[in-house]
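Down below is the structure, laid out as structure tokens.
There are 2 protein chains.
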Amino acid sequence: MSKNVAVIGYGVVGSGTVELFMKNRESINKKIGRECDIKYILDIRDFPDSPFADRIVHDFETILNDDEIEVVAEVVGGTTFAYDYTKRLLQKGKSVVTSNKALVAAKGAELLKIAQDNNCSYLFEASVGGGIPIIRPIYKCLAGNQILQISGILNGTTNFILTKMIKDQMSFEDALKLAQQLGYAEADPTADVEGDDACRKICILGSLAYGKHIYPEMIHKSGITRVTLDDVEYAANAGYVIKLIGSVKKLDDGTLSAIVCPRLVPKSNLLASVDDVFNAISVTGDGVGDVLFYGAGAGKLPTASAVVGDIIDCLKHIHKALNISWEDSSLDEKFVVRYKDTNCSMYVRIKADDAQALKPAISEMFGKLMYIERENRPDNELAFITPNMVESDIDANLAILSHSAEIASKIRIF
Amino acid sequence: MSKNVAVIGYGVVGSGTVELFMKNRESINKKIGRECDIKYILDIRDFPDSPFADRIVHDFETILNDDEIEVVAEVVGGTTFAYDYTKRLLQKGKSVVTSNKALVAAKGAELLKIAQDNNCSYLFEASVGGGIPIIRPIYKCLAGNQILQISGILNGTTNFILTKMIKDQMSFEDALKLAQQLGYAEADPTADVEGDDACRKICILGSLAYGKHIYPEMIHKSGITRVTLDDVEYAANAGYVIKLIGSVKKLDDGTLSAIVCPRLVPKSNLLASVDDVFNAISVTGDGVGDVLFYGAGAGKLPTASAVVGDIIDCLKHIHKALNISWEDSSLDEKFVVRYKDTNCSMYVRIKADDAQALKPAISEMFGKLMYIERENRPDNELAFITPNMVESDIDANLAILSHSAEIASKIRIF
């Protein structure tokens with residue numbers, strides 16, 4: 008029997024990890040091929056009522072300096088302690104598995120290199136899509152492909168809010184409140200609703216697929232706080248639903264286009280059917296075509312499922328780096344193109360005293376475009392979808408239009 | 008440079024494998040960490056116009072006896088030559104990857120054991136779901152879970168036929184003809200339409216998830232040849248679509264229930280939206296909940312994507328078994344329960360001169376059931392959905408009913 012596993016952070020994911028590991032320990036040990044157990048749980052708190060109270064420790068050094076520990080699950084989050092701990096563990100040749108998307112997005116290339124250099128592994132299946140298998144599928148199963156594009160609904164909180172807006176006509180504010188009541192959103196929901204969380208995940212997926220670290224600062228993001236029920240209604244009438252989509256794609260010249268923003272998704276697209284807190288990720292490869300991965304993108308046991316899967320993989324391959332890596336990059340490198348320079352088609356809603364009278368001017372600006380109607384449309388409102396064109400050209404047109412109208416909404420088409 | 012790969016069978020999947028490997032060879036070699044190449048393509052035919060004509064060989068021994076060959080893709084299919092070749096290659100310590108579901112379903116436990124004993128790997132990601140990552144996700148990413156259930160649309164041909172019946176009201180016969188014209192169905196479509204192909208795939212998934220070989224003979228299967236447009240219409244009116252579903256699930260007493268048959272799938276279930284030749288597999292784990300994998304379940308390049316992914320994995324782990332295995336079993340073992348002893352709810356369509364007059368008798372037999380209507384229902388027809396009960400009890404009731412009515416259709420509810 009080796010007491011060779013430690014868990015750092017006994018919060019939601021940490022307690023789920025311990026719970027799932029202990030529940031399925033017999034079958035897990037069979038898969039690993041030897042008896043393994045959790046020796047330490049590091050937390051600043053005590054948990055006297057927990058059945059694992061005797062495994063709680065408060066000093067990181069206990070874990071770091073125990074030669075029996077082979078694998079550590081870092082599920083404490085953040086980029087301060089977690090970064091320091093992870094680095095030191097890897098430098099000692101202990102494998103680390105994590106659900107910490109912020110840390111992987113900020114320091115992935117560096118930590119993977121340290122793991123590689125010290126014959127251990129840094130695995131992060133849980134960092135994207137919760138329990139949905141996505142890292143290993145991209146890195147292993149689809150390794151024969153050039154990845155052309157990855158797009159996904161990567162944040163359950165915003166998807167829940169948008170679903171409530173679309174299906175129950177709740178306002179953004181009410182839907183957010185409900186999400187908070189149900190525990191889907193934090194008291195400070197910024198990281199979710201402003202798109203930071205989805206941005207980190209698309210950085211991880213893009214780095215993995217294209218072999219070079221994409222930092223969050225390289226990606227344009229906008230959240231869902233400005234999506235209104237009016238937009239939801241126009242979108243529905245044109246055959247779309249609004250979803251927060253993270254995307255990364257390879258352009259013909261080898262540069263990448265990456266963006267996180269709300270988008271009008273055609274109802275025929277499978278991503279349009281992904282509701283509530285569920286996540287889905289679509290991956291397009293030159294061999295496989297489109298494949299889609301769907302499931303619970305967060306939550307205690309789903310996330311723990313991915314963490315425990317990584318623990319098992321590490322314990323099966325001790326003293327051997329599991330070979331995931333990508334090159335580091337610097338923020339001055341321009342391999343992610345400016346989003347304004349890429350093409351898109353845009354849904355636009357404007358307000359003006361006599362909106363209808365602006366139609367000839369708008370049509371002249373954009374050429375062939377599509378107007379959308381809604382029941383009881385106010386006279387001072389007009390909504391349309393632009394043709395596919397360079398985004399900065401769309402903005403230039405809207406800048407001119409803003410002299411005669413308020414640009415109330417603009418949302419990219421998927 | 009190692010010329011260390013051979014491909015057996017230069018048909019659809021074989022030529023796709025060579026095409027994809029050669030196209031992406033640069034990035035593939037980067038992932039492997041050394042220069043690799045395809046040395047031989049074994050086929051009984053010559054391909055003088057192929058750019059790879061000089062790699063074609065006709066004698067299996069050439070591959071078997073070449074020490075440079077490390078990995079062989081067996082994409083010839085069937086269980087005769089393929090079985091013999093695979094066994095001998097593995098015995099020599101050469102890894103084999105395959106898309107051959109018939110062989111894995113018939114001989115998987117044995118071949119995996121031989122691989123294990125000879126420090127090489129037998130991988131078969133391409134055998135289920137074409138290019139959809141499913142084997143590794145179940146085996147690795149979800150390793151921390153007890154798998155509660157796997158259900159899927161595992162055969163593209165029948166899904167295409169059913170989609171045409173549902174969306175375009177084509178008859179089964181016409182839809183089959185169209186599938187044959189488009190190259191989705193073979194001249195002899197038996198293996199697809201009778202459910203054999205889906206059955207092999209559910210055997211593989213079940214063996215993998217539950218650790219014991221499930222042979223096709225252990226599983227009850229029925230195909231889609233008897234599904235009519237009348238059934239499609241009744242199903243739609245009750246909120247269902249008809250899909251060919253393969254399922255395996257663990258019962259409370261540890262035995263397995265496994266079956267392949269057409270089913271009425273509620274429209275709200277994601278599997279109901281999987282149309283045309285696409286496949287989708289839903290996996291339920293005690294940690295992760297439901298995850299779904301979707302994509303092209305067959306075809307030249309999608310299947311090649313999975314084969315090449317496995318080739319890369321083998322070349323990264325030479326002289327090391329990749330550790331997939333399950334116990335063998337014998338046909339007398341009763342760990343898969345008789346389907347008649349499990350519970351289900353059944354859609355039933357009957358014909359009788361005065362069908363309406365049978366309602367009281369039917370209601371008395373089944374208790375609470377649901378009748379379904381359709382426009383212009385003939386007077387001699389009646390359709391209903393039974394409550395959830397042991398299937399042999401449903402059949403006993405229908406046997407009594409068959410004295411006064413013809414049992415025209417019965418299809419299980421999903």
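Just so you know, the sequences run in chain order V and P.
Each residue of the first sequence is one higher than the last, beginning at 8 in the working numbering.
Each residue of the second sequence is one higher than the last, beginning at 8 in the working numbering.
Beta carbons: idealized from backbone N, C-alpha and C, even for Gly.
Rounded separation between residue i and residue j - CA only
i: Q153/P; j: G292/P; result: 6 Å
i: G294/P; j: G136/V; result: 14 Å
i: A313/V; j: S34/V; result: 16 Å
i: A112/P; j: S336/P; result: 12 Å
i: N107/V; j: N330/V; result: 19 Å
i: I401/V; j: G159/V; result: 25 Å
i: Y378/P; j: V272/P; result: 17 Å
i: I420/V; j: D238/V; result: 12 Å
i: K114/P; j: T105/P; result: 13 Å
i: D361/P; j: N387/P; result: 6 Å
i: S128/V; j: D61/P; result: 41 Å
i: Y346/P; j: H227/P; result: 7 Å
i: I407/V; j: C268/V; result: 24 Å
i: L278/V; j: F131/V; result: 24 Å
i: F373/V; j: V255/P; result: 55 Å
i: H220/P; j: C43/V; result: 26 Å
i: V83/V; j: I141/P; result: 30 Å
i: P367/V; j: H410/V; result: 15 Å
i: M8/V; j: S22/P; result: 49 Å
Contact list for residue i against chain V, beta-carbon separation under 7 Å
i: I331/P; result: The contacting residues do not exist; I331/P stays about 10 Å from chain V at best.
i: P269/P; result: Residues of chain V passing the Cβ test: none, with the nearest at roughly 23 Å.
i: Q156/P; result: Ordered by position in chain V, no residue passes the 7 Å Cβ test against Q156/P, which lies about 14 Å from the chain.
i: K323/P; result: N330
i: N166/P; result: Those within 7 Å of N166/P in chain V number zero; the least Cβ separation is about 15 Å.
For residue i: DSSP bridge partner residues
i: L389/P; result: I357/P
i: T310/P; result: Its beta-bridge partners do not exist; DSSP assigns none.
i: H227/V; result: I266/V
i: R345/P; result: Beta-bridge pairing links R345/P to no other residue.
i: L110/P; result: DSSP lists no partner for L110/P.
i: M288/P; result: Reading off the sequence, residue 288/P comes out as Ile, not Met. Answer by DSSP bridge pairing, in chain order: G159/P, F300/P.
i: I418/V; result: Y354/V
i: M8/V; result: Paired residues: none, contrary to the question.
i: Y378/V; result: F391/V
i: V255/V; result: I157/V, A265/V
i: M396/V; result: C351/V
i: E413/V; result: K358/V
Residues that residue i contacts on chain V, provided the C-beta gap is smaller than 8 Å
i: A150/P; result: I35, K38, V315, G316, I319, D320
i: G302/P; result: V295, G296, D297, V298, L299
i: N107/P; result: By Cβ distance, chain V contributes nothing, its closest Cβ being about 18 Å from N107/P, past 8 Å.
Amino acids of chain P, ordered along the chain, whose beta-carbon sits closer than 9 Å to that of residue i
i: R143/V; result: P140, R143, P144, K147, C148
i: E132/V; result: K147, C148
i: N383/V; result: What N383/V touches in chain P: nothing, since even the nearest Cβ is about 30 Å away.
i: N72/V; result: Simply none; closest approach about 27 Å.
i: N387/V; result: Those do not exist, as N387/V stays about 39 Å from chain P at its closest Cβ, beyond 9 Å.
Interface partners of residue i on chain V, CB under 9 Å
i: L277/P; result: L277, S280, V281, Y301
i: F28/P; result: G151
i: N350/P; result: Result: empty, since nearest Cβ-Cβ is about 26 Å, beyond 9 Å.
Amino acids of chain P, ordered along the chain, whose beta-carbon sits closer than 7 Å to that of residue i
i: G4/V; result: A query on residue 4/V cannot be resolved here, the shown segment of chain V reaching from 8 to 421 and no further.
i: N125/V; result: Those within 7 Å of N125/V in chain P number zero; the least Cβ separation is about 18 Å.
i: N395/V; result: In chain order: nothing, as chain P lies at least about 26 Å away.
i: N162/V; result: In chain order: nothing, as chain P lies at least about 17 Å away.
Partners in chain P for residue i, counting only beta-carbon separations shorter than 8 Å
i: P309/V; result: G294, V295, G296
Any chance the region 332-347 of chain P sits against the region 255-268 of chain P, with 3 or more Cβ pairs inside 8 Å? The region 332-347 of chain P makes contact with the region 255-268 of chain P; the number of CB pairs closer than 8 Å reaches 3 or more.
Output the residue ranges of the alpha helix (DSSP H) runs that lie fully inside the region 167-252 of chain V and measure 4 residues or longer, sorted by chain position. If one requires a minimum length of 4 residues, the alpha helix (DSSP H) runs lying completely within the region 167-252 of chain V are 179-188, 197-200, 203-217, 236-244, in chain order.
Taking three-plus beta-carbon pairs below 8 Å as touching, is the region 73-81 of chain V in contact with the region 314-322 of chain V? Enough Cβ pairs lie closer than 8 Å, so yes.
Run through the region 12-72 of chain V for me and flag every whole alpha helix (DSSP H) of 4 or more residues, listed as ranges in chain order. Secondary structure within the region 12-72 of chain V: the alpha helix (DSSP H) runs of 4 or more consecutive residues, fully enclosed, are 19-30, 32-39, 67-71 (chain order).
Specify whether the region 178-187 of chain V and the region 205-219 of chain V touch according to this definition: at least 3 beta carbon pairs, one from each stretch, less than 8 Å apart. No contact exists between the region 178-187 of chain V and the region 205-219 of chain V.
Please specify which runs of the beta strand (DSSP E), each continuous and at least 3 residues long, are wholly inside the region 73-142 of chain V, giving them in chain order. If you keep only unbroken beta strand (DSSP E) runs of at least 3 residues inside the region 73-142 of chain V, you get 78-81, 102-105.
Does the pairing of the region 411-420 of chain V with the region 24-31 of chain P give three or more beta-carbon distances under 8 Å? Under the Cβ criterion (8 Å, minimum of three pairs), the region 411-420 of chain V does not count as touching the region 24-31 of chain P.
Is the number of C-beta pairs between the region 88-95 of chain P and the region 322-329 of chain P that are closer than 8 Å three or more? Counting Cβ pairs under 8 Å, fewer than three are found: no touch.
Can you confirm whether the region 210-223 of chain P touches the region 131-149 of chain P when touching is taken to mean that 3 or more C-beta pairs between the two stretches lie within less than 8 Å? Segments in contact, yes.
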